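Asks: What follows is a single structure, and I will ask about it in a moment.
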Amino acid sequence: MHGLLRRLFAPRWQHPDPEVRRQALSRLDPHQAEQREALQALAHDSDSSIRLAALLALDDVEGLVAGYPDHSQQEAWFNAVSQRLSGLEGSTELQQRQALVEGLDEPRLLNVIALQGDNLDLRLTALARLTREDDLIKQACQNGVAAVRHRAAERIETEEGLKRLLKDARRDRYVTRLAREKLGQQRTDAEWLARQQQQLEHLLHQMEQQARAPWEPLYGGRFRHLEREWKNLTPPPSAEQEQRFHQAMLGCRKTLHDHETQEQARQQSLARREEADQTRDQLLDGLEETLESLHHATELTVQDIDSLRAQRQLFSQRWQAISDVHSPSEPASQRYTHVIIQYEQCLDAWQRWQRVSVALEQALADNDHRTMRHLLNECDWPKAFTPPALIQRAQATLATESHTPAASPHASVSLSTYEAELDSFEHLLERGAFKSASHLHQRLKPQIEALQMAEAKPLKARLKQSGARLAELRDWRGFVAGPKREQLCSSIEALANDPHMAETALDRHHRQLVKEWKSLGDAAANREQSARFRAASDRIHERLAPWRDQLGQEREANLQAREQLCEQLETLLAQPAEDADPDVLREIRDKARHQWRHYSPVPRERSEAVGQRFGKIRHQLQTLIDQRAEHIASQKQALIEEVRTLRHDQQQPLAQRITQTKQLQQHWRQLGRAPKGAEQTLWKAFRHECDQLFAQREAHKSEQAAHQQQQLEAMQILIDQMDSWQPTTANETSTLDDFLNQVSQLEPLPRNRRSEGMQRRLSGIVRAKRERLSRLKIADTVQQWQLILPLVNAHLAADQRYLDGGAAEIINADDIISTPLPSVFAEAHQMRNRQRQSTPLPLSLDDEAARADAISRLRVHLSLLTSGSIRQSDEPLRLAIQVERLNEGIRQERSREEEIIDVLAALLALGPVSMAQWEKEARELDSLLRDLGHIPPP
């Protein structure tokens, strides 16, 4: 009961039936507060149409926009929202509508607002929310506001969209121009990007070639230039290109690093060679000093010879060890040879003296002068060396016998000689050569003190001063040598008692200590320290004996390996290849030197012989390398002459000379290196000649480009002249032929976009001019037909009289028309007369039908030539005529005016034709002929 009462007394806008609520809604006034609340309640109704009506009654645009996503498929909601937001209905403020539009994402709704909005800002706001290119194109083409069209056109960026815009936007020139400019800009950007990509690929190819190329003086500069060019490229390279460039750059840096390593190794080798040369000089200085001391000694003893032999052995070992690594220079070799010769002379003289010493002593005891003279001649002691005491006694005895002054054996020595000897003595003191200075002092002191002449006093004073300096040097050596000997004894004993030191280090330290001990000579020497040092040294020798045996075996193996290396190199040098690459020979030389150093040490007594053998082989190998390098240098000089000849040869085409030059460059790369000093000079000369030839190519290209530019300008002028020329009569075909002859003289044009555009424009102009000339010829033909129409009418009248039973008349053209007939029409005129005379009467129905079909066929043919309309019933005739035209075109191509002349001649020759048949087709024929005779304005 309560529900019934509620339904009876409730407002109608709350009725359960939607239709009742809809009717009640239409009577509600939103300006009254109570009814407005009812409308607000209905705005949330479950029925969408009621909700829409309530929102429209309230003019609630925000509610409409909020509810639109749930009802976007309903056309009523779409129209209501679009009209309210566009301002076509309702009274919502512009700012509120604009704010609502800024939150929309529905393209359909935004398109309508942009097209129908009542305010420019509102339209632009809706346009800004559009993102799809199709919507932008639609707005740019269809929007009624120019500013909106322009803003939409400015946002179109893709090439396809711009093409569509250029095709569809016909009403707005700004949009068309903008689309055309953007397309042009995109094409320009694409071309620029293509050029940049081509330049990038070219630069990448150059870098990869640089990575594969060997080092040359300009390698680093070219690499840095390519790297700088790569960094300056505007478009970023792809990941693949970046990786390729990185790999090529690593290859270039490896080449530079390898060269720097080789250069550093070369500098180190030069430093080691310089150090070796200094060591050689020190060795030679030491041996020369020892030999010089033998010149100035008072007498030669066995100790002097033993010391000389030991020094010679040590000298030979160290000299050979250094020469195995670095070959000596020519002055050092000569100096070495001179010292060895002096040593051999001294040693040979000593051996001869050993053979005759006993007999000479006996001869002195027996005072046998003859035997002494014979033995002295047999000994043949060199004058450069101080003889032993026994030889001096024998020489003095023989000098007494020959009545030479015996009181003083040195009386014949002049004062200048003693002064020179004293100068040498002082020089030895300044050098610190104590041993040689002591020997010389012992020899000079008795001789100078024995002089009694007054002139000898300065010499005696100098000798006394020098003797004091010698004594001071002796004391200083003793003062320094005493602690040094004690230190050396302690060091060698500690070394002998160290059980953990490796044999190699032990041997090296032992040799160093022995060398330092020997360098002290007899300064501060005593038996106790000598015994201590010798005992410790013997203990070290015993400990190193097994290691030295093993080292001896290694030395033998190294010696055999060196001998095998020498044999291999000798085999190579015995039969060298005629085209041997000097770079390969240099590599063999360096590897052989490396292997020679690797096979070290070798036995000392045989190292000198095998070292001399290897040095000779290296000298021969270097000679072969120099010969091959000189041969390559001559070949490269010949290549330079060939390039120079090509540069001055004007008979061959430049392109052929450039090709030959590139082949010569390939040949240059295949050749090895010339000698070090000549390679760079030859390369600079070769590159200069190639650059000069390539400069000719660039100059030729510039000249050719200028000629092509002139050619294009001349063609442009000719095309403009052709475009401005408008033929007015059919006889102006020769003018077109003259233009085409001028065009053929300017062809061929260079291949570029401008020439392609010129060709297309020229083709269009020629086609248009030929079409106009053809129309003019057709118009002349139609005019000729118009002139002979009285003759055609006379033939028609004669045909009709003949068909009506009259006589077959002969129509005379001269009586009817005053102008002479063209040959084609004259033949047709004669045939028409013959047809009238030869056709029997009465005509059968088939004959009449055949003539009617012939007229219709000619009319259809003429309609095809004028592109006129054809009736449906004439389709079979059209197909048949087209097939015939195709067949005739295969056999012989005919122009359009020729076909029209043939059709008109056939019309004139067709007869006899009744007036009714002719009038049936005459109107349409006249219409077609008027179309053919019409000439469009130029």
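Taking our numbering, the leading residue of the sequence shown gets 1059, the next gets one more, and so forth.
C-beta atoms are modelled at their ideal positions from N, C-alpha and C, and glycine is treated no differently.
Everything numeric in this text was worked out from a predicted model, so none of it was measured.
Can you give, in chain order, each stretch of the alpha helix (DSSP H) that sits fully within the stretch 1865-1953 and has at least 4 residues?
Replies: 1871-1874, 1881-1896, 1903-1924, 1933-1949, all fully within the stretch 1865-1953.
Asks: Just how far apart, CA to CA, sit D1749 and S1692?
Replies: The count along the sequence shown starts at 1 and reaches residue 1749 at position 691. The count along the sequence shown starts at 1 and reaches residue 1692 at position 634. The alpha-carbon atoms of D1749 and S1692 are separated by roughly 21 Å.
Asks: Between the alpha carbons of I1171 and Q1141, how many angstroms are there, rounded?
Replies: Numbered from 1 along the sequence shown, position 113 holds the residue referred to as residue 1171. Numbered from 1 along the sequence shown, position 83 holds the residue referred to as residue 1141. Cα to Cα, the separation comes out at about 8 Å.
Asks: For Q1784, which of helix, strand or coil comes out of DSSP?
Replies: Sequence index remark: in the sequence shown, residue 1784 carries index 726 (1-based). Coil, per DSSP.
Asks: If we ignore side chains and look at the alpha-carbon of each, how far apart do L1473 and R1431 end up?
Replies: Sequence index remark: in the sequence shown, residue 1473 carries index 415 (1-based). Sequence index remark: in the sequence shown, residue 1431 carries index 373 (1-based). For L1473 and R1431, the distance between alpha carbons rounds to 30 Å.
Asks: With a CB to CB cut of under 8 Å and the five nearest residues on each side skipped, what residues in its chain are close to V2010?
Replies: Residue 2010 lies beyond the residue range present for the chain, which begins at 1059 and ends at 1996; the question has no answer from this structure.
Asks: If you check the beta carbons only, do Q1695 and L1751 fall under 8 Å apart?
Replies: On the sequence shown, residue 1695 is found 637 positions in, with the first residue counted as 1. On the sequence shown, residue 1751 is found 693 positions in, with the first residue counted as 1. Contact flag unset, no.
Asks: Three-state secondary structure (DSSP) at Y1657?
Replies: Here residue 1657 refers to the residue found at position 599 when the sequence shown is read from its first residue. The answer is coil: DSSP assigns Y1657 none of H, G, I, E or B.
Asks: Going straight from the alpha carbon of A1638 to that of R1376, what length do you get?
Replies: As a working note, residue 1638 is residue 580 in the sequence shown. As a working note, residue 1376 is residue 318 in the sequence shown. Whole-angstrom Cα-Cα distance: 36 Å.
Asks: Please state whether the Cβ-Cβ distance between L1418 and A1452 is less than 8 Å.
Replies: To locate residue 1418, count along the sequence shown from 1; it is residue 360. To locate residue 1452, count along the sequence shown from 1; it is residue 394. Going by C-beta atoms, L1418 is nearer than 8 Å to A1452.
Asks: Looking at P1785: is its Cβ nearer than 8 Å to the Cβ of K1835?
Replies: Here residue 1785 corresponds to residue number 727 of the sequence shown, with the count starting at 1. Here residue 1835 corresponds to residue number 777 of the sequence shown, with the count starting at 1. Contact: no.
Asks: So what does DSSP say about V1701, is it helix, strand or coil?
Replies: Here residue 1701 refers to the residue found at position 643 when the sequence shown is read from its first residue. Reduced to three states, the DSSP call for V1701 is helix.
Asks: Rounded C-beta distance between A1886 and I1869? I'm assuming under 8 Å.
Replies: Your numbering for residue 1886 matches position 828 in the sequence shown. Your numbering for residue 1869 matches position 811 in the sequence shown. Rounded, the Cβ-Cβ distance is 12 Å, inconsistent with contact.
Asks: Within the stretch 1344-1409, note down every full alpha helix (DSSP H) run reaching 4 residues or more, in order along the chain.
Replies: Segments of the alpha helix (DSSP H) lying fully in the stretch 1344-1409: 1360-1383.
Asks: Cα separation between L1847 and A1963?
Replies: In the sequence shown, counting from the first residue as 1, residue 1847 sits at position 789. In the sequence shown, counting from the first residue as 1, residue 1963 sits at position 905. Looking at the two C-alpha atoms, the distance is approximately 12 Å.
Asks: Is N1177 helix, strand or coil by DSSP?
Replies: As a first step, residue 1177 must be located in the sequence shown, where it is residue number 119. Coil, per DSSP.
Asks: Our contact map puts D1382 next to G1669 with C-beta atoms below 8 Å; I'd like the distance itself, whole angstroms only.
Replies: Position 324 of the sequence shown, counted from the first residue, corresponds to residue 1382. Position 611 of the sequence shown, counted from the first residue, corresponds to residue 1669. Contact holds; Cβ gap of about 6 Å.
Asks: Going by the CB atoms, is the gap between A1912 and R1894 shorter than 8 Å?
Replies: For the purposes of this step, residue 1894 is taken as residue 836 along the sequence shown, with counting starting at 1. For the purposes of this step, residue 1912 is taken as residue 854 along the sequence shown, with counting starting at 1. No, the pair does not count as a contact, with Cβ atoms beyond the cut-off.
Asks: Is the CB-CB distance between R1909 and V1971 below 8 Å?
Replies: In the sequence shown, counting from the first residue as 1, residue 1909 sits at position 851. In the sequence shown, counting from the first residue as 1, residue 1971 sits at position 913. Their beta carbons are under 8 Å apart, which means R1909 touches V1971 by this criterion.
Asks: List the endpoints of the continuous alpha helix (DSSP H) containing R1825.
Replies: Start at 1 with the first residue of the sequence shown, and residue 1825 comes out as number 767. Where R1825 is concerned, the enclosing alpha helix (DSSP H) stretches over 1811-1845.
Asks: Output needed for G1175: all residues of its chain with C-beta closer than 7 Å, excluding positions within five of it in sequence on either side, in chain order.
Replies: For the purposes of this step, residue 1175 is taken as the residue at position 117 of the sequence shown. Here the set comprises S1144, G1145, R1181, A1184.
Asks: For the ligand MG, any of its heavy atoms closer than 7 Å to the Cβ of E1814?
Replies: Here there are no bound small molecules, and the ligand MG is not part of this structure.
Asks: Kindly indicate which three-state DSSP category M1973 falls into: helix, strand or coil?
Replies: Here residue 1973 is taken as the residue at index 915 of the sequence shown, counted from 1. Here M1973 sits in helix by DSSP.
Asks: What's the C-alpha gap between Q1346 and V1397?
Replies: Here residue 1346 is taken as the residue at index 288 of the sequence shown, counted from 1. Here residue 1397 is taken as the residue at index 339 of the sequence shown, counted from 1. Checking the sequence, you will find Glu at residue 1346 rather than Gln. Taking the straight line from one Cα to the other gives about 7 Å.
Asks: Roughly how many angstroms lie between the CA atoms of E1285 and L1223, to the nearest whole one?
Replies: Residue 1285 sits at position 227 when you count from the first residue of the sequence shown. Residue 1223 sits at position 165 when you count from the first residue of the sequence shown. Their backbone Cα atoms lie some 44 Å apart in a straight line.
Asks: If you check the beta carbons only, do S1173 and Q1156 fall under 8 Å apart?
Replies: To locate residue 1173, count along the sequence shown from 1; it is residue 115. To locate residue 1156, count along the sequence shown from 1; it is residue 98. The question names Ser, but residue 1173 in the sequence shown is Leu. Their beta carbons are not under 8 Å apart, which means L1173 does not touch Q1156 by this criterion.
Asks: Do you know how far the Cα of M1265 is from the Cα of Q1762?
Replies: The residue labelled residue 1762 in the question sits at position 704 within the sequence shown. The residue labelled residue 1265 in the question sits at position 207 within the sequence shown. Going by the C-alpha atoms only, they are around 31 Å apart.
Asks: Output yes or no for whether 8 Å exceeds the beta carbon distance between E1544 and Q1587.
Replies: Start at 1 with the first residue of the sequence shown, and residue 1544 comes out as number 486. Start at 1 with the first residue of the sequence shown, and residue 1587 comes out as number 529. Yes, the Cβ-Cβ distance between E1544 and Q1587 is below 8 Å.
Asks: Figure out for me which residue from Q1420, H1384, D1426, L1448 has the closest Cα to the Cα of W1411.
Replies: Counted from its first residue, the sequence shown places residue 1411 at position 353. The closest CA to that of W1411, considering only Q1420, H1384, D1426, L1448, is found on L1448.
Asks: Applying the criterion that 16 or more other CB atoms from any shown protein chain within 10 Å of the CB defines a buried residue, is E1333 buried or exposed?
Replies: Looking up residue 1333 in the sequence shown gives position 275. Exposed, because fewer than 16 other Cβ atoms sit within 10 Å of the Cβ of E1333.
Asks: Cutting at 7 Å between CB atoms, please list the residues of its own chain near Q1299, excluding the five before and the five after it.
Replies: Position 241 of the sequence shown holds residue 1299. L1258, L1262, listed in sequence order.
Asks: In terms of alpha-carbon separation, which member of L1623, V1642, Q1738 lies closest to K1674?
Replies: For this step, residue 1674 is matched to residue 616 along the sequence shown. Closest option to K1674, Cα to Cα, is L1623.
Asks: From H1499 to A1478, what distance separates their C-alpha atoms?
Replies: Sequence index remark: in the sequence shown, residue 1499 carries index 441 (1-based). Sequence index remark: in the sequence shown, residue 1478 carries index 420 (1-based). Straight-line spacing of the CA atoms in H1499 and A1478 works out to 13 Å.
Asks: Residues in the same chain with beta-carbon distance under 6 Å from A1871, minus the five sequence neighbours each way, listed in chain order, please.
Replies: The residue given as residue 1871 occupies position 813 in the sequence shown. Close CB contacts of A1871 within its chain, under the 6 Å cut and outside five residues either way in sequence, are with L1849, L1879, H1887 (chain order).
Asks: By the 10 Å Cβ neighbour count, where 16 or more other Cβ atoms means buried, how is M1816 classified, buried or exposed?
Replies: Taking the sequence shown and counting its residues from 1, the one referred to as residue 1816 is at position 758. That one is buried.
Asks: Whose C-beta lies closer than 6 Å to the C-beta of R1527 among residues of the same chain, with five residues either side of it excluded?
Replies: Position 469 of the sequence shown, counted from the first residue, corresponds to residue 1527. Excluding sequence positions up to five before and after R1527, its CB lies within less than 6 Å of the CB of L1487, all in the same chain and listed in chain order.
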